[in-house]
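Peer 1: The opening position of the sequence shown corresponds to residue 1 in our numbering, with each subsequent residue numbered one higher.
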Amino acid sequence: MSISVVPAHRVVAKFAQQASHLDASDAGDAIEQELRPYVRSLLSNLNPSFVELGVRSAITQLGDPDPRRLVEALSQLEEGRAKEIAEEALHTAAVHLPRPDINARVVLLPGDGESRVLIQQMRGVLGFTLGSQVVLVFVWPTENWQRWLGYTMTHEYAHLVRNHLFPRGLTGGRLIYMRTQEPETLLDAMIVEGLADTFAMGIVEDTSPPWISALSPDVERSIWPKVRRRLAVADPSEIRRILFGDNDRIPTWTGHTVGYRIVQRFMKMNGDPSPASMIGMPASAIFEASGYGPPA
């Protein structure tokens, strides 16, 4: 296995220092002007569609930073050993789920310190994979951020392995499985999130992410028919709506919670297999063998 951690937050700190004499609006523009080509260069080996997605994400997740506050936050990440924590978590994850054939990079970037989603819901750390070659991780130092960085790295490692086993590409705005040319569905997305959280929780002690238990039994029972009829949906915006909720008809974290409970039900019904042994199973097989139904 070859997974390197790129401390891109150190470079962003230099961009922020250079912009610290500007007013807030000009500083944000100056940082963004430097950040775009830098991130693009880090992702240059990826499919162009993944490159653009990564660049957009880096800009969006940064928000509208005050350069002085950003420099201070990035200094805390450095003092808090962000790079080393990420490396240690990846090493531990690889011991539990060895994949010597994976070659990937983890890019550490600053998140948006004004984002309630990042700070309150994600515990200061947000990550996602670009195929099986890159993980983008956005961090803002908040309470217990180091523990959640370790958790997120372990979670995203499971995604890397899954993406390696089931390669996907972006076509027409949708994720397509390269071997079958079929699109990723809501069921696929829910199951892989459940697998990644089950894997991470088995390794990182004293962590219980809010997204795995966001629904009461009554709410889970009432929302399940809406989720079930959309399991084959392949529209990315609809998948995100069910996974994360829409602050309207779909409660927050619906898809994550249901996906986790499907995985847990599968394990209970099938001899308690390890998440590592399940990572290569098709989502449909896990769902069908789980016998999942909402609480009675």
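Beta carbons: idealized from backbone N, C-alpha and C, even for Gly.
Quantities reported herein were computed from a predicted structural model and do not represent experimental measurements.
Three-state secondary structure (DSSP) at SER4?
Peer 2: The residue given as residue 4 occupies position 4 in the sequence shown. In this structure, SER4 counts as strand in the three-state DSSP scheme.
Peer 1: Using DSSP with H/G/I as helix, E/B as strand and the rest coil, what is PHE266?
Peer 2: Counting from 1 along the sequence shown, the entry for residue 266 is found at position 266. PHE266: helix per DSSP, three-state reduction.
Peer 1: Quick one: give me the first and last residue of the beta strand (DSSP E) that THR171 is part of.
Peer 2: Position 171 of the sequence shown holds residue 171. 168–171 is the extent of the beta strand (DSSP E) around THR171.
Peer 1: Express the C-alpha separation of ALA16 and ARG68 in angstroms, rounding to a whole number.
Peer 2: As a working mapping, residue 68 is identified with position 68 in the sequence shown. As a working mapping, residue 16 is identified with position 16 in the sequence shown. Between ARG68 and ALA16, the C-alpha separation is close to 7 Å.
Peer 1: Please state whether DSSP places ARG105 in a helix, a strand or coil.
Peer 2: For the purposes of this step, residue 105 is taken as residue 105 along the sequence shown, with counting starting at 1. DSSP places ARG105 in strand when its eight states are reduced to three.
Peer 1: By DSSP's criteria, TYR177 is part of a beta bridge. Which residues make up the other side?
Peer 2: Position 177 of the sequence shown, counted from the first residue, corresponds to residue 177. Paired residues: ARG168.
Peer 1: In terms of residues, what are the limits of the alpha helix (DSSP H) holding VAL125?
Peer 2: Residue 125 sits at position 125 when you count from the first residue of the sequence shown. Not the alpha helix (DSSP H): VAL125 falls in the beta strand (DSSP E), residues 125–130.
Peer 1: Return the first residue and the last residue of the alpha helix (DSSP H) that LEU43 is part of.
Peer 2: Here residue 43 is taken as the residue at index 43 of the sequence shown, counted from 1. Here LEU43 belongs to no alpha helix (DSSP H), and DSSP marks it neither H nor E.
Peer 1: Counting C-beta neighbours from all protein chains within 10 Å, is the total for THR297 16 or more, i.e. buried, or is it exposed?
Peer 2: Only positions 1 to 296 of the chain appear in this structure, which leaves residue 297 out of reach.
Peer 1: Between LYS83 and LEU43, what straight-line distance do the alpha-carbon atoms span, to the nearest angstrom?
Peer 2: Mapped onto the sequence shown, residue 83 falls at position 83. Mapped onto the sequence shown, residue 43 falls at position 43. Approximately 19 Å, taken between the alpha carbons.
Peer 1: In the DSSP output, which residue or residues are listed as bridge partners for VAL219?
Peer 2: Against the sequence shown, residue 219 aligns to sequence position 219. DSSP output for VAL219 lists no bridge partner at all.
Peer 1: The beta strand (DSSP E) spanning VAL134 covers which residue range?
Peer 2: By one-based count along the sequence shown, residue 134 stands at place 134. Looking at the DSSP string, the run of the beta strand (DSSP E) that includes VAL134 is 134–139.
Peer 1: Under 8 Å: do the region 34–50 and the region 164–184 share three or more Cβ pairs, one atom per stretch?
Peer 2: Cβ pair count under 8 Å is three or more, so yes.
Peer 1: Please check if any C-beta of chain C sits within less than 9 Å of the C-beta of ILE176.
Peer 2: Protein chain content of the structure displayed is limited to a single chain, and chain C is not contained in it.
Peer 1: Within its chain, find whatever has a CB closer than 8 Å to the CB of SER2; leave out the 5 residues flanking it on each side and keep chain order.
Peer 2: For the purposes of this step, residue 2 is identified with residue 2 of the sequence shown, where counting begins at 1. Excluding residues within five positions, the ones whose Cβ falls inside 8 Å are ILE102, ASN103 and ALA104.
Peer 1: Name the residue from GLY271, SER222, VAL263 and GLU52 whose alpha carbon lies nearest to the alpha carbon of PRO251.
Peer 2: Your numbering for residue 251 matches position 251 in the sequence shown. Nearest of GLY271, SER222, VAL263 and GLU52 to PRO251, Cα basis: SER222.
Peer 1: Taking three-plus beta-carbon pairs below 8 Å as touching, is the region 47–66 in contact with the region 74–89?
Peer 2: Contact fails: fewer than three Cβ-Cβ distances are below 8 Å.
Peer 1: Less than 9 Å between the beta carbons of ASP112 and PHE138, yes or no?
Peer 2: Residue numbering aside, residue 112 sits at position 112 when the sequence shown is read from its first letter. Residue numbering aside, residue 138 sits at position 138 when the sequence shown is read from its first letter. Against a cut-off of 9 Å, the Cβ pair of PHE138 and ASP112 comes out as a contact.
Peer 1: Quick check: the Cα distance between PRO7 and PRO294, rounded to an integer number of angstroms?
Peer 2: Your numbering for residue 7 matches position 7 in the sequence shown. Your numbering for residue 294 matches position 294 in the sequence shown. If you take the alpha carbons of PRO7 and PRO294, they lie about 43 Å apart.
Peer 1: State yes or no: is the C-beta of ILE279 nearer than 8 Å to some heavy atom of the ligand FMN?
Peer 2: You won't find the ligand FMN in this model; it holds no ligand whatsoever.
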